[in-house]
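For the sequence shown, the residue numbers in this note's numbering are 3 to 394.
Notes follow once the structure below has been shown.
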Amino acid sequence: MSGLFSGLEPIQPDALLQLMVMARADDRPQKIDAGVGVYKTSDGDTPVMSAVRKAEQRLHDAQSSKSYLGMRGDAGYAEEIGKLLFGPLWGGDRLVGLQTPGGCGALALGFALVRAARPQAKVWVGTPTWPNHEPLIKGAGLTIETYPYYDKASTSVQFDEMVAALERADEGDVVLLHGCCHNPTGADLDAGQWAKVRSIIAARKLVPFVDIAYQGLGDGLEEDAAGARSVVEAVDEAIIAQSCDKNFGMYRDRVGTLFVKGRDADATKLALDWIMQLARELWSMPPDHGAAVVRMVLEDDELREEWRAELDSMRDRINSLREMIAACDPRLEYIGRQKGMFSMLPVSPEQVVRLREEFAIYVAGSGRFNICGMGDDQVAYFCNSVKAVIDG
3 MSGLFSGLEP
13 IQPDALLQLM
23 VMARADDRPQ
33 KIDAGVGVYK
43 TSDGDTPVMS
53 AVRKAEQRLH
63 DAQSSKSYLG
73 MRGDAGYAEE
83 IGKLLFGPLW
93 GGDRLVGLQT
103 PGGCGALALG
113 FALVRAARPQ
123 AKVWVGTPTW
133 PNHEPLIKGA
143 GLTIETYPYY
153 DKASTSVQFD
163 EMVAALERAD
173 EGDVVLLHGC
183 CHNPTGADLD
193 AGQWAKVRSI
203 IAARKLVPFV
213 DIAYQGLGDG
223 LEEDAAGARS
233 VVEAVDEAII
243 AQSCDKNFGM
253 YRDRVGTLFV
263 KGRDADATKL
273 ALDWIMQLAR
283 ELWSMPPDHG
293 AAVVRMVLED
303 DELREEWRAE
313 LDSMRDRINS
323 LREMIAACDP
333 RLEYIGRQKG
343 MFSMLPVSPE
353 QVVRLREEFA
363 IYVAGSGRFN
373 ICGMGDDQVA
383 YFCNSVKAVI
393 DG
């Protein structure tokens with residue numbers, strides 16, 4: 003009799019995780035690790051935000067118990083994130099949220115809810131998208147359809163093709179959308195394009211599933227939430243996965259939220275009941291520390307303003323780096339028009355290998371790179387290296 007695990011199919015190693023390992027092992031002084039998706043200062047650090055550190059100290063001093071909070075986690079946290087993300091739409095009994103272990107937890111829980119509610123629904127995913135989207139959808143047992151999103155050659159959103167694909171979607175299908183700062187391309191929908199997308203979704207009775215993990219790192223907290231808000235307001239049903247990893251620097255604490263909007267209060271309550279049951283099966287109760295810290299920051303006027311100022315400085319640094327890279331070469335000019343931490347270089351997989359082996363520059367095989375993965379003093383070297391591999 004064979005062993006329990008002998009029938010498992012081999013797993014293809016995660017390319018980005020492999021890239022991280024290779025970068026850490028490279029001791030060349032000019033090394034640039036633009037593969038890992040974390041915010042870095044000009045010194046190459048990913049520090050704890052000052053408001054977060056102060057809230058952690060207050061939590062340490064005040065917390066009297068680590069007893070369970072329940073399947074919804076920190077209710078005050080979800081309330082504060084709801085206000086931050088939805089603004090005037092938040093409130094009432096048709097839009098509810100609960101804490102999850104990171105954005106991945108929110109996505110996994112949301113797709114599990116889709117599977118429970120409508121297993122025949124197809125999930126429409128833009129190409130390219132964040133690499134973990136498809137495994138999460140497939141892990142929920144759902145069928146994936148794709149719509150064209152970004153053309154690397156023209157460095158632009160393939161909007162006409164996107165629209166044509168979504169107009170073939172069936173009633174009840176789910177459309178996965180990036181709320182802002184598209185990962186991996188940095189190419190966001192503009193206001194007019196959001197309007198067209200939401201009109202198609204509403205007219206065809208599709209369900210938007212918005213993944214928003216970078217609010218505040220594109221144009222600002224309100225500006226970055228505008229697309230998601232407009233879609234949620236226009237439809238009867240919606241699912242939203244949110245993450246605090248990037249805008250609170252809470253990477254290792256895994257702080258996320260899942261929100262759902264139902265047709266009416268009863269439908270929303272039923273969806274929430276299902277979400278809590280599914281959460282019970284997946285992780286039972288989410289970890290408290292990170293969510294409690296975020297809640298404390300958002301509830302306290304002084305800490306909130308300190309956090310917003312630091313977030314603004316992070317966004318300013320990202321946008322400044324974009325401008326610097328865009329000015330290096332006309333072929334990189336498009337990077338200045340894009341948003342958030344990521345863009346895609348106009349390079350082939352073979353040229354990516356050259357960047358790594360000859361220049362100690364680490365980017366994903368697709369050409370995706372972290373804008374803030376380098377110091378200001380490394381931009382010229384980065385650009386000159388990219389130009390060298392493009393020119394051959």
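Quick reminder that beta carbons are idealized off the backbone N, C-alpha and C, glycines included.
- A direct Cα-to-Cα measurement between K263 and V127 gives close to 20 Å.
- Residue range 344 to 346 is occupied by the beta strand (DSSP E) that includes M346.
- Cβ-Cβ separation between P289 and T102: approximately 10 Å, too far for a contact (criterion under 8 Å).
- Going by C-alpha positions, Y151 is about 15 Å away from D213.
- Counting only runs of 4+ residues, no alpha helix (DSSP H) is found wholly inside the region 246 to 281.
- Around G99, the same chain offers A80, I83, G84, T259, L260, F261 as residues with beta carbons nearer than 7 Å, after the five sequence neighbours per side are excluded.
- Taking all protein chains shown into account, L6 has fewer than 16 neighbouring C-beta atoms within 10 Å of its C-beta and is therefore exposed.
- The residues M73, in chain order, have a CB closer than 6 Å to that of M278 in the same chain once the five nearest residues on each side in sequence are set aside.
- L323 sits close to V381, with the two beta carbons spaced by under 8 Å.
- Around the beta carbon of Q32, a 10 Å sphere encloses fewer than 16 other beta carbons of the protein chains shown; the residue is thus reported as exposed.
- Using a Cβ distance threshold of 8 Å, R231 and F88 count as a contacting pair.
- Going by beta carbons, G37 and Y253 fall outside the 8 Å limit.
- In chain order, L138 place their CB closer than 6 Å to the CB of A110, counting only its own chain and leaving out the 5 sequence neighbours on each side.
- For W126, the pairing in a beta bridge is given by DSSP as E147, V177.
- For the pair V125 and L178, the CB atoms are nearer than the 8 Å cut-off.
- N386 is bridged by DSSP to nothing; it lacks a bridge partner.
- Pairwise C-beta distances place the region 51 to 58 in contact with the region 291 to 305, as three or more of them are shorter than 8 Å.
- Between D16 and T148, the alpha-carbon positions lie close to 22 Å from each other.
- Taking C-beta separations shorter than 8 Å and ignoring five residues to either side along the sequence, the partners of E312 in its chain run M51, S52, A53, following chain order.
- Around the beta carbon of A193, fewer than 16 other beta carbons sit within 10 angstroms, so the residue counts as exposed.
- In its chain, beyond the 5 residues on either side, A328 have a beta carbon closer than 7 Å to the beta carbon of E335.
- The beta carbon of W276 is closer than 8 Å to those of L115, A118, A119 in its chain, skipping five residues each way along the sequence.
- For Q195, the uninterrupted alpha helix (DSSP H) segment begins and ends at 193 to 205.
- For I320 and L19, the gap between their C-alpha atoms comes out near 23 Å.
- Around the C-beta of V349, 16 or more other C-beta atoms lie within 10 Å, and the residue is accordingly described as buried.
- Ranked by Cα distance from G93, the first of R282, S158, R339, T270 is T270.
- When DSSP states are grouped into helix, strand and coil, F7 belongs to the coil group.
- Rounded to whole angstroms, the gap between the alpha carbons of Q217 and K42 is 17 Å.
- Taking C-beta separations shorter than 8 Å and ignoring five residues to either side along the sequence, the partners of L305 in its chain run A53, K56, A57, M298, V299, following chain order.
- Under DSSP, G99 shares a beta bridge with F261.
- Within the same chain, K198, V199, I202 come within 8 Å of V165 by CB-CB distance, once the 5 residues on both sides are set aside.
- With respect to the C-alpha of V355, the residue from A77, G369, R282 having the closest C-alpha is G369.
- With 16 or more other Cβ atoms from the protein chains shown falling within 10 Å of its own Cβ, R317 counts as buried.
- DSSP places Q244 in the strand class (E or B) of the three-state scheme.
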